[in-house]
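Please read the structure below before turning to the comments.
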Amino acid sequence: MDPDYLHRRLLAAITGIADGKGLEDYVPVPGPEVDRPTHVVGALIDAISYLPDHFHADDLPVVDCAFERLSLARPSDWKADVAAVLLRKLRTMRIASMAGPS
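Numbering (the working numbering) for the sequence shown: 72 to 173.
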């Protein structure tokens, strides 16, 4: 897998989350693929599996926006850690919304 493309997919998913997108949504991935969309859940899962590195400092503001949107604190600047926490939270929110009012 191309690490650059995986990174761009992850950032697209995180930007989407910051804008209110959920696991089932698709977001455009900027770059030479001409905004080919990616599934948020797929981008997060791939990041957990294939991106064992840190975010660049320039990427952290959008990461922090996504975490603020979900009322979370960023656990670290590791891509896999960030993706895992976001995935877990969005899955929990999705399950809660499916359960409906109690």
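From the three backbone atoms N, C-alpha and C, an ideal C-beta is built for every residue, glycine too. These figures come from a predicted structure and were not determined experimentally.
My assumption, with CB atoms under 8 Å, is that residue i sits in contact with residue j. Please give the rounded CB distance.
{"i": "LEU143", "j": "ALA118", "result": "In fact, because the Cβ distance is near 16 Å, the residues do not count as touching under 8 Å."}
{"i": "LEU157", "j": "ALA137", "result": "6 Å"}
CB-CB under 6 Å to residue i, same chain, minus the five flanking residues each way: which ones, in chain order?
{"i": "ALA154", "result": "LEU115, ALA118 and ILE119"}
{"i": "ARG140", "result": "ALA89"}
Check for me: the alpha helix (DSSP H) holding residue i runs from which residue to which?
{"i": "HIS78", "result": "74 to 89"}
{"i": "VAL98", "result": "Run containing VAL98: none in the alpha helix (DSSP H); it sits in the beta strand (DSSP E), 97 to 99."}
{"i": "LYS160", "result": "150 to 170"}
With respect to the beta strand (DSSP E) encompassing residue i, which residues constitute its N-terminal and C-terminal limits?
{"i": "VAL134", "result": "Per DSSP, VAL134 belongs to no beta strand (DSSP E); it is in the alpha helix (DSSP H), 131 to 140."}
{"i": "PRO108", "result": "108 to 110"}
What does a CB cutoff of less than 7 Å around residue i pick up in its chain, not counting 5 residues either side in sequence?
{"i": "GLY151", "result": "Inspection of the sequence shows that residue 151 is occupied by Ala rather than by Gly. The answer, listed in chain order, is ALA118, ILE119, LEU122 and PRO123."}
{"i": "HIS78", "result": "LEU122"}
{"i": "GLY87", "result": "ASP96, VAL98 and VAL111"}
{"i": "ALA84", "result": "VAL98, THR109, VAL111, ALA114 and LEU115"}
{"i": "ASP148", "result": "HIS125, PHE126 and LEU131"}
{"i": "ARG145", "result": "VAL134, ASP135, PHE138 and VAL153"}
{"i": "LYS160", "result": "LEU141 and LEU143"}
Which residues in the same chain have their Cβ closer than 8 Å to the Cβ of residue i, if we skip the five residues on either side of it in sequence?
{"i": "MET72", "result": "ASP117 and TYR121"}
{"i": "GLU168", "result": "The residue you asked about is not Glu; residue 168 is Ser in the sequence shown. For SER168, where only same-chain residues beyond five positions count, there are no Cβ hits under 8 Å."}
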